[in-house]
Ligand code: AHM
Ligand code: MG
């Protein structure tokens, strides 16, 4: 028999003492929105052609860029859930808050509605990333304190990759679980329970065009990955959609790096809705995530769109980066 993501969340809820039906209702808002996004993406090329003539489609609707559409789908589907106190999106400068009491509006959802936007126009994988935070009971007004909590407080995190098939991966801190959208029934069906990142892998993933402007330690590390000095021979893979590069790293192992550069010394990727959710998933799957100096999940955010250097991957490759160990397990 199949297990849908909704059934899976309900089963998990019974094991999490504080969880309530509200939580699964909330997550169903995310799955609904991502199904709307995936439906739009499947016909993106077609509607773009129609939209080229005056920016309206055959129904007379205004054409929307996919990232705007994805943002609106999430805002709409989640805004209707009364357990949501605030929504924080990459697309919106400020959080969207709802005047919900502390007893009702218990959660904050932070998301990147369409990650990998440079790949949208060329039919390469993109995705949605989300993180669920618990509102602090003392936070009754602007919710800043609740939004700016370190990643280790996340209640849940996940992502959807819109690829050859549409895949959803999530954790509530009880393992990492993967689902594949079955278009014939319109449901995400459990396909990978208790996912584990391999202890080491054969791929490294980084935008090497930036190598000249990385701090030395990253150039040296990638040099060792390339030369075999860490005990294995690596190949490189870089899609340029974080969510897709991460998904491969979760399944196949290895390491993804977005180090600081001269132009962006604080890193490029966003802490709240890119690094934190993926770091939570990586750790739950047995991997590691770091900003180069410490654990991503320990960073105390100072702003909702804060950036961070982001290194994530298998235990062995991450240990080699952080303390110079060989990835075949030899001591340094
Ligand atoms: P986006 O959220 O606007 O799509 O930007 C983030 C993306 C990530 O998906 C990806 O890992 C990174 O930017 C790629 O950056 P670069 O083109 O500098 O390699
Ligand atoms: Mg992004």
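Residue numbers (the numbering used here): 105 to 436. For glycine and all other residues, C-beta sits at the position ideal for the given N, C-alpha and C. Since the structure is predicted, the reported quantities are computational estimates derived from the model, not experimental observations.
If you ignore the 5 residues before and after residue 395, its C-beta comes within less than 8 angstroms of the C-beta of 371, 379, 403, 412, 413, 414 and 415, all in its own chain and listed in chain order.
Inclusion of residue 211 and residue 247 in the CB contact set at 8 angstroms is not warranted, their separation being larger than that value. Here residue 183 has 191, 200 and 202 as same chain residues with Cβ atoms under 8 angstroms from its own Cβ, once five neighbours each way along the sequence are excluded.
The residues 302, 305, 306 and 307, in chain order, have a CB closer than 8 angstroms to that of residue 356 in the same chain once the five nearest residues on each side in sequence are set aside. Distances taken from the Cβ of residue 263 to the heavy atoms of the ligand AHM include none shorter than 7 angstroms. Membership of residue 211 in the beta strand (DSSP E) is indicated by the continuous run 211-219. As the crow flies, the alpha-carbon of residue 326 is around 37 angstroms from that of residue 250. Separation of the CB atoms of residue 235 and residue 258 is rounded to 5 angstroms, and the pair is thereby assigned contact status at 8 angstroms. Under DSSP, the beta-bridge partners assigned to residue 108 are 293. Excluding its 5 nearest sequence neighbours in each direction, residue 185 has C-beta neighbours in its own chain below 7 angstroms: 129, 130 and 133, listed in chain order.
Placement of the Cβ of residue 219 at a distance of less than 7 angstroms from at least one heavy atom of the ligand MG is found. For the set 241, 298, 344 and 138, the Cα lying nearest the Cα of residue 314 is the one of 344.
Assignment of residue 186 by DSSP, reduced to helix, strand and coil, places it in the coil class.
One Cα belongs to residue 207, the other to residue 187, and the distance between them is close to 9 angstroms. Just measuring C-alpha positions, the residue of 215, 425, 189 and 385 sitting nearest residue 204 is 189. In this structure residue 290 touches residue 139 by the C-beta definition: roughly 7 angstroms separates them, less than 8 angstroms.
Distance from the CA of residue 256 to the CA of residue 243, rounded to the nearest whole angstrom, comes to 19 angstroms. One thing to note: residue 231 has its Cβ within 8 angstroms of the Cβ of residue 348. The three-state reading of DSSP puts residue 427 in helix, counting H, G and I together. Of the residues 195, 135, 144 and 125, the one whose Cα lies closest to the Cα of residue 409 is 195.
Under the DSSP definition of a beta bridge, residue 113 lacks any partner.
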